[in-house]
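For the record, in the sequence shown the residue sitting at position 88 is 101 according to the numbering used here, with numbers rising by one throughout. Data first, discussion second: the structure below is written as structure tokens.
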Amino acid sequence: NATELSEYRALLAEKEKQIEDRQTAFLSLEQENTKLKESHVEAIKKAENDLQASLERLAGTEIQTNEMKQTIQALKSEVEERSAQLLESQALLSEKAKQLEEAEVTFTKEVEEINSLRRQNE
């Protein structure tokens, strides 16, 4: 029984370490996603500022208007691309969160089984 108890404790410690590792990975993904969001917000703000500055410089002539249309399209494309990247990152984060929740449920069941076996051995 002492050997089994020791084995159960080792298994429990291993499972707790796995959950801790998963939580660390999840937090890392959350931080990465937050940084990505901040980067996208900054890029969008910069694009908006660049667009505003371009509007002020290019007002007046037909050539300048055409250049402005091209700039606007490029900035819109960049914003769309960054928005798509953000959505992909959020989907990945959601999937990782789901995996972590599933792992926690599995871990809880395993701990309950271990506790049940401990009670039976007592």
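C-beta atoms are modelled at their ideal positions from N, C-alpha and C, and glycine is treated no differently.
Is DSSP giving residue i helix, strand or coil here?
i, result
"E135", "coil"
"N14", "coil"
Does the stretch 46-57 come close enough to the stretch 27-34 that 3 or more CB-CB pairs lie under 8 Å?
Contact between the stretch 27-34 and the stretch 46-57 is absent: fewer than 3 CB-CB pairs across the two stretches fall below 8 Å.
Flag this pair as touching only if the stretch 101-112 and the stretch 17-24 have three or more C-beta atom pairs under 8 Å; answer yes or no.
The answer is no - the stretch 17-24 does not touch the stretch 101-112, with fewer than three Cβ pairs under 8 Å.
Just checking, does the stretch 97-107 make contact with the stretch 36-48 on the three C-beta pairs under 8 Å criterion?
yes
Contact between the stretch 83-97 and the stretch 116-135 (3+ Cβ pairs under 8 Å):
no
Counting Cβ pairs, one atom from each stretch, are 3 or more of them under 8 Å apart for the stretch 57-66 and the stretch 114-121?
no
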